[in-house]
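Student:
2 protein chains.
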Amino acid sequence: MEININSIEEKLGYIFKNKEILIEALTHSSFVNENKMKAYESNERLEFLGDAVLNLVIGEYFYKKYPKDLEGSLSKMRAESVNEKVLYVLSKKLKLGELLRFGKGEIKNGGRNRESTLADALESLIGAIYLDSNFDTIKNIILKLFDKFLKEDNFKSFNIDFKTKFQEQAQKKGLKSEYKLVKEEGPDNDKVFYTELLLEGEVVGFGKGRTKKSSQQDAARDAFSRKGKDFG
Amino acid sequence: MEININSIEEKLGYIFKNKEILIEALTHSSFVNENKMKAYESNERLEFLGDAVLNLVIGEYFYKKYPKDLEGSLSKMRAESVNEKVLYVLSKKLKLGELLRFGKGEIKNGGRNRESTLADALESLIGAIYLDSNFDTIKNIILKLFDKFLKEDNFKSFNIDFKTKFQEQAQKKGLKSEYKLVKEEGPDNDKVFYTELLLEGEVVGFGKGRTKKSSQQDAARDAFSRKGKDFG
Numbered sequence: 001m002e003i004n005i006n007s008i009e010e011k012l013g014y015i016f017k018n019k020e021i022l023i024e025a026l027t028h029s030s031f032v033n034e035n036k037m038k039a040y041e042s043n044e045r046l047e048f049l050g051d052a053v054l055n056l057v058i059g060e061y062f063y064k065k066y067p068k069d070l071e072g073s074l075s076k077m078r079a080e081s082v083n084e085k086v087l088y089v090l091s092k093k094l095k096l097g098e099l100l101r102f103g104k105g106e107i108k109n110g111g112r113n114r115e116s117t118l119a120d121a122l123e124s125l126i127g128a129i130y131l132d133s134n135f136d137t138i139k140n141i142i143l144k145l146f147d148k149f150l151k152e153d154n155f156k157s158f159n160i161d162f163k164t165k166f167q168e169q170a171q172k173k174g175l176k177s178e179y180k181l182v183k184e185e186g187p188d189n190d191k192v193f194y195t196e197l198l199l200e201g202e203v204v205g206f207g208k209g210r211t212k213k214s215s216q217q218d219a220a221r222d223a224f225s226r227k228g229k230d231f232g
Numbered sequence: 001m002e003i004n005i006n007s008i009e010e011k012l013g014y015i016f017k018n019k020e021i022l023i024e025a026l027t028h029s030s031f032v033n034e035n036k037m038k039a040y041e042s043n044e045r046l047e048f049l050g051d052a053v054l055n056l057v058i059g060e061y062f063y064k065k066y067p068k069d070l071e072g073s074l075s076k077m078r079a080e081s082v083n084e085k086v087l088y089v090l091s092k093k094l095k096l097g098e099l100l101r102f103g104k105g106e107i108k109n110g111g112r113n114r115e116s117t118l119a120d121a122l123e124s125l126i127g128a129i130y131l132d133s134n135f136d137t138i139k140n141i142i143l144k145l146f147d148k149f150l151k152e153d154n155f156k157s158f159n160i161d162f163k164t165k166f167q168e169q170a171q172k173k174g175l176k177s178e179y180k181l182v183k184e185e186g187p188d189n190d191k192v193f194y195t196e197l198l199l200e201g202e203v204v205g206f207g208k209g210r211t212k213k214s215s216q217q218d219a220a221r222d223a224f225s226r227k228g229k230d231f232g
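As given, the protein sequences belong to chains A and B, one line each in that order. Heads up, the first sequence is in my numbering, so the first residue is 1 and it goes up one at a time. Heads up, the second sequence is in my numbering, so the first residue is 1 and it goes up one at a time.
1. Rounding to the nearest angstrom, what Cα-Cα distance links B/VAL32 and B/GLU44 in this structure?
2. Near A/TYR63, which residues of its chain fall below 7 Å by C-beta distance, leaving aside the five closest residues on each side in sequence?
3. Let me confirm a value: B/LEU131 is counted as buried when at least 16 other C-beta atoms fall within 10 Å, else exposed. Which label applies?
4. Under 7 Å Cβ-Cβ, which residues of chain A neighbour B/PHE243?
5. Out of B/LYS163, B/ILE21, B/TYR194, which has the shortest C-alpha to C-alpha gap to B/ALA223?
6. For A/ILE138, collect the residues of the same chain with a Cβ closer than 7 Å to its Cβ; drop the 5 residues on either side in sequence, then sort them by chain order.
7. Could you tell me if B/MET77 is buried or exposed, where buried requires 16 or more neighbouring beta carbons within 10 angstroms of its beta carbon?
8. From the beta carbon of B/ASP222, is the nearest beta carbon of chain A less than 8 Å away?
9. Measure from the alpha carbon of B/SER7 to the alpha carbon of each residue in B/LEU99, B/ALA119, B/LYS176, then state which is nearest.
10. Buried or exposed, going by whether 16 or more other CB atoms sit within 10 Å of the CB of A/THR211?
11. Counting only Cβ pairs nearer than 8 Å, list the residues of chain B close to A/GLU44.
12. Between which two residues does the beta strand (DSSP E) holding B/TYR179 run?
13. Give me, in chain order, the residues of the same chain whose beta-carbon lies closer than 7 Å to that of B/SER215; leave out the 5 immediate sequence neighbours on both sides.
14. Measuring straight from C-alpha to C-alpha, what distance separates A/GLY50 and B/TYR14?
15. For B/VAL53, go through chain A and note every residue whose CB falls closer than 8 Å to its CB, in chain order.
16. Quick one: does A/SER30 have its CB under 8 Å from some CB of chain B?
17. Please confirm if A/GLU106 has its CB atom under 8 Å from at least one CB of chain B.
18. Assuming B/LEU87 and B/GLU123 form a contact by the criterion Cβ under 8 Å, report the distance between their Cβ atoms to the nearest whole angstrom.
19. So what's B/GLU47 in DSSP terms, helix, strand or just coil?
20. Taking DSSP as the reference, what is the three-state secondary structure of B/GLU115?
21. How about B/ASN159: is its C-beta nearer than 8 Å to some C-beta of chain A?
22. Distance check for B/LEU12 and B/GLU20, CA to CA, integer angstroms please.
23. Any beta-carbon of chain B closer than 8 Å to the one on A/GLY207?
24. Within 7 Å: the Cβ of B/LYS213 and any heavy atom of the ligand SAH?
25. Among all the DSSP beta bridges, which residues are the ones paired with B/ARG210?
26. Which of the three DSSP states, helix, strand or coil, is assigned to A/GLY201?
27. Listed in chain order, which residues of the region 90-103 of chain B have Cβ atoms closer than 7 Å to some Cβ of chain A?
28. Can you have a look at A/PHE158 and say buried or exposed, based on whether 16 or more other CB atoms are within 10 angstroms of its CB?
29. Let me see if you follow: with CB-CB separation under 8 Å, is A/ALA39 close to chain B or not?
30. Which residues of chain A have a Cβ atom closer than 9 Å to the Cβ of B/ARG112, listed in chain order?
31. B/GLU196 bridges to which residues according to DSSP?
32. List the residues of chain B whose Cβ lies closer than 7 Å to the Cβ of A/PHE16, in chain order.
33. So, is the C-beta of B/PHE135 closer than 8 Å to a C-beta in chain A?
34. Output the distance between the C-alpha atoms of A/LYS156 and A/LEU143, rounded to the nearest integer angstrom.
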């Protein structure tokens with residue numbers, strides 16, 4: 001166990017003052033149940049805290065990176081950055097699965113590789129570091145950890161012209177796309193437009209905005225977020 | 001305007017280094033629209049950031065205050081503390097409605113007293129202070145601002161025996177309550193129980209837990225969170 005703790009500390013570039021909180025972050029609920037420990041001794045509480053830390057750090061990252069993006073866009077970028085899949089991949093890199101304490105049954109059931117378990121454990125670890133240090137320390141660790149992912153092409157694309165990009169992809173695949181204004185709301189000086197984006201007649205994105213055009217952009221962005229950047 | 005800024009700074013006990021960011025936090029989207037400014041010049045972006053700051057600060061507060069509460073309980077307590085109604089009340093205390101810059105149409109429509117607008121503006125203000133200072137500064141300001149609310153009876157009650165409390169309330173009103181186990185999931189060493197709480201035959205709460213008893217507690221807590229502490 002000792003050696004493993006050293007290895008995770010090395011990967012994170014962070015030495016825990018309180019090793020117990022690191023152990024807690026690495027304790028899956030199945031271990032707690034099997035060993036008749038208290039439910040609150042698993043890593044679930046730390047996960048709750050880590051999730052909030054992560055949302056603030058990644059939210060601030062996008063807030064600063066895209067000074068002209070509105071709340072909806074920032075929320076979506078963040079949601080796509082801290083989703084289970086991304087956290088799972090980062091968790092694998094840190095080899096958290098090998099370190100986690102599981103119940104025997106959970107190991108048999110493949111717990112060491114379960115996407116949600118590994119994603120949750122990373123959030124717990126983030127919560128643990130935050131408590132053991134301070135906000136700026138965990139912020140730097142998170143930004144380093146997510147660095148490569150955040151700089152990948154998928155996020156550059158968020159600040160560009162989604163409509164054009166969607167159009168290009170659709171044409172490449174020989175698919176017909178079309179925008180349909182479905183609703184207008186509010187007084188003249190404060191109107192909101194709602195638009196659907198249809199691909200081959202099927203609704204693939206839904207957008208709102210203060211102009212028709214921005215609602216179309218939003219619909220195209222929404223379509224990408226649902227279907228993936230190459231309509232994956 | 002100057003005087004008003006001073007008054008809000010005084011109420012918060014915080015002097016902005018960058019007054020422009022305070023102005024941004026006080027700029028409603030209707031003002032931006034009416035004055036043909038850019039959409040990103042309203043307080044919506046800061047609201048996005050402030051929301052995340054608030055979630056972390058209040059989440060940490062409950063995490064530390066209730067060291068035996070699990071994620072579900074912590075999430076619910078937080079959700080009830082940072083909901084629109086609470087933020088609106090605090091926003092009124094700070095008189096944010098009087099300071100906000102609105103479009104003329106929005107003022108006519110009662111914007112200065114709109115619950116969602118005032119709640120959002122408080123989040124924007126929190127985001128602005130965070131950016132203008134640092135995490136610890138805004139954390140202290142938030143905890144001071146929420147202090148009275150967090151210490152009110154509604155939150156003491158969360159750490160106690162919900163089942164007993166629900167039972168007492170029901171008896172007082174002459175209503176019959178009953179728990180119904182509706183599902184069991186998972187292997188023997190890692191079971192999850194799902195329970196409904198019925199009041200006079202109607203489902204009023206839904207709970208899950210690792211034991212039958214904890215799923216009943218969770219259902220009672222859920223019922224309180226839906227119906228209010230006196231079945232409001």
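Beta carbons: idealized from backbone N, C-alpha and C, even for Gly. Every value quoted in this text rests on a predicted model; they were computed, and no experiment measured them.
Tutor: Checking against the coordinates, here is how it stands:
1. 11 Å
2. LEU74
3. buried
4. Nothing can be reported for residue 243 of chain B: it is not among the residues displayed for chain B, which extend from 1 to 232.
5. B/LYS163
6. VAL53, ILE126, ILE129, TYR130
7. buried
8. no
9. B/LEU99
10. exposed
11. LEU70, GLU71
12. 177-185
13. PHE193, TYR194, THR195, GLY207, LYS208, GLY209
14. 28 Å
15. LEU56
16. yes
17. yes
18. 7 Å
19. helix
20. helix
21. Below a pLDDT of 50, predicted positions are generally treated as unreliable, and B/ASN159, at 46, falls in that range; no measurement from the model is reported.
22. 17 Å
23. no
24. The model on display carries no ligand, and the ligand SAH is accordingly not part of it.
25. Per DSSP, none; premise fails for B/ARG210.
26. coil
27. GLY103
28. A caution first: A/PHE158 carries a pLDDT of 45, below 50, which makes its placement in the model unreliable, though a value can still be read off. Flag for A/PHE158 reads buried.
29. yes
30. Result: empty, since nearest Cβ-Cβ is about 15 Å, beyond 9 Å.
31. B/LYS180, B/PHE206
32. Simply none; closest approach about 18 Å.
33. yes
34. In this prediction, A/LYS156 scores a pLDDT of 47, lower than 50, which makes its location untrustworthy; no coordinate-derived value is stated.
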